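Trainee: Chains as they are written, first to last, in our numbering: chain A, -13 to 191; chain B, 374 to 493.
#1: With a 10 Å radius around its C-beta and 16 neighbouring C-beta atoms as the bar for buried, classify residue 492 of chain B as buried or exposed.
#2: Cβ atoms of residue 56 of chain A and residue 107 of chain A: under 7 Å apart, would you say?
#3: Tell me whether residue 149 of chain A sits in a helix, a strand or coil according to DSSP, three-state version.
#4: In terms of residues, what are the limits of the beta strand (DSSP E) holding residue 72 of chain A?
#5: Quick check on this structure: which residue in A/171, A/41, A/118 has the alpha carbon closest to the alpha carbon of residue 61 of chain A?
#6: Using a Cβ cut-off of 7 Å, pull out every chain B residue sitting near residue 174 of chain A, in sequence order please.
#7: Less than 7 Å between CB atoms is the rule here; does residue 119 of chain A satisfy it with respect to chain B?
#8: Mind checking if residue 459 of chain B is an interface residue toward chain A, Cβ cutoff 7 Å exclusive?
#9: Identify whether residue 437 of chain B lies in helix, strand or coil by the three-state DSSP scheme.
#10: So, at 8 Å on beta carbons, what are the nonlocal neighbours of residue 156 of chain A in its own chain, with the 5 sequence-adjacent residues on each side left out?
#11: So with CB distances below 8 Å, who are the chain B contacts of residue 81 of chain A?
#12: Thinking C-alpha only, which one of A/131, A/185, A/85, A/130 is nearest residue 421 of chain B?
#13: Measure how close the beta-carbons of residue 148 of chain A and residue 191 of chain A come, nearest whole angstrom, since I'm counting them as under 8 Å.
#14: Could you tell me the boundaries of the alpha helix (DSSP H) in which residue 110 of chain A lies?
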């Protein structure tokens, strides 16, 4: 139960970021309402909702969020590489490290080409804050407990990231090349989620 | 008379040679048992975590080229017995395989990515 709550809390950092940004959209109200509910019930105290501006994200802010979210998963993978002895977990973590680095390299190359400097914003800060908590949680675990916590977090993290990319970052991106990069990256994150769920299911057998 | 015969004889050689060559190049009904049909080359593009086309019909001996146009590295691994494996295919790289049989394959890095090769 405690474990489930923590995973839910971890994912909330991302969901909360998505909520803060989605709250300005008037399109899909049912989805916004669902996210609103999740964020209200479980939002961690470290996320300052008052500082969030309910505005459309700028391209430099989107670049900051995308690069930060990628780097956080690379960091989680590094912890898994150090702590896990499970072959499936290690293989998954290696894929996360390599894939997210590839996406990040191309995001940085595009930002450089476009002359865009990633700009810090409340969502980036929320992501970083959540990652600090998650890393501490993962580092406190060992063996099978760690493997389960890592994979559970990967499932939750990718679900939230997909929602954020699909419903906010792609929608708000104005530069066509940035939008295209996000659209190309989205299936990668969806595949990562499917892979994480596959490993997660093996643990539950 | 002798000259006429010689000319006729030489002409016959030329006609025979022409007939023989024509017979060889005829597309219908003149293939010998040793002749092999030309093999085709098909391309499968890897993009947005998909093999496109996901299913490809080919003849035995055809060549398939996989091109990785995605953002991340992939590989091509025969599913059942690992009968073929491309090794890691970095972004922008390609790998080819001469078809020996039908096969179901996947990307072992991203296990939900799958493709099929079907013999015609």
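From the three backbone atoms N, C-alpha and C, an ideal C-beta is built for every residue, glycine too.
The structure displayed is predicted, hence computed values, not measured ones.
Mentor: Per the coordinate set shown:
#1: Position 119 of the second chain, counted from the start, is the residue given in the question as residue 492 of chain B. Flag for residue 492 of chain B reads exposed.
#2: Indexing the first chain from 1 puts residue 107 of chain A at position 121. Indexing the first chain from 1 puts residue 56 of chain A at position 70. When the beta-carbon positions are compared, residue 107 of chain A and residue 56 of chain A stay at least 7 Å from each other.
#3: Taking the first chain and counting its residues from 1, the one referred to as residue 149 of chain A is at position 163. Here residue 149 of chain A sits in helix by DSSP.
#4: Mapped onto the first chain, residue 72 of chain A falls at position 86. From DSSP, residue 72 of chain A is part of no beta strand (DSSP E); its letter is neither H nor E.
#5: Counting from one through the first chain, the residue named residue 61 of chain A turns up at place 75. Answer by Cα proximity: A/118.
#6: Counting from 1 along the first chain, the entry for residue 174 of chain A is found at position 188. Near residue 174 of chain A (Cβ distances below 7 Å), the residues of chain B are 422, 444, 445.
#7: Against the first chain, residue 119 of chain A aligns to sequence position 133. Residue 119 of chain A is outside the set of residues whose beta carbon lies under 7 Å from a beta carbon in chain B.
#8: Mapped onto the second chain, residue 459 of chain B falls at position 86. Put simply, the CB of residue 459 of chain B is far from chain A, with every gap to its CB atoms at 7 Å or more.
#9: Stepping through the second chain from its first residue, residue 437 of chain B is reached at position 64. DSSP places residue 437 of chain B within a strand segment (E or B) once states are collapsed to three.
#10: As a first step, residue 156 of chain A is located in the first chain; it is residue number 170 there, counting from the start. Only 165, 168, 169, 172 meet the Cβ criterion.
#11: If you number the first chain from 1, residue 81 of chain A lands on position 95. Within chain B, the residues near residue 81 of chain A are 482, 483.
#12: Counted from its first residue, the second chain places residue 421 of chain B at position 48. Taking the Cα of residue 421 of chain B as reference, the smallest distance to any Cα among A/131, A/185, A/85, A/130 is reached at A/85.
#13: Translated into the one-based positions of the first chain, residue 148 of chain A becomes position 162. Translated into the one-based positions of the first chain, residue 191 of chain A becomes position 205. That pair is no contact at about 25 Å.
#14: Along the first chain, read from residue 1 onward, the residue named residue 110 of chain A stands at position 124. 108 to 125 is the span of the alpha helix (DSSP H), which, as asked, contains residue 110 of chain A.
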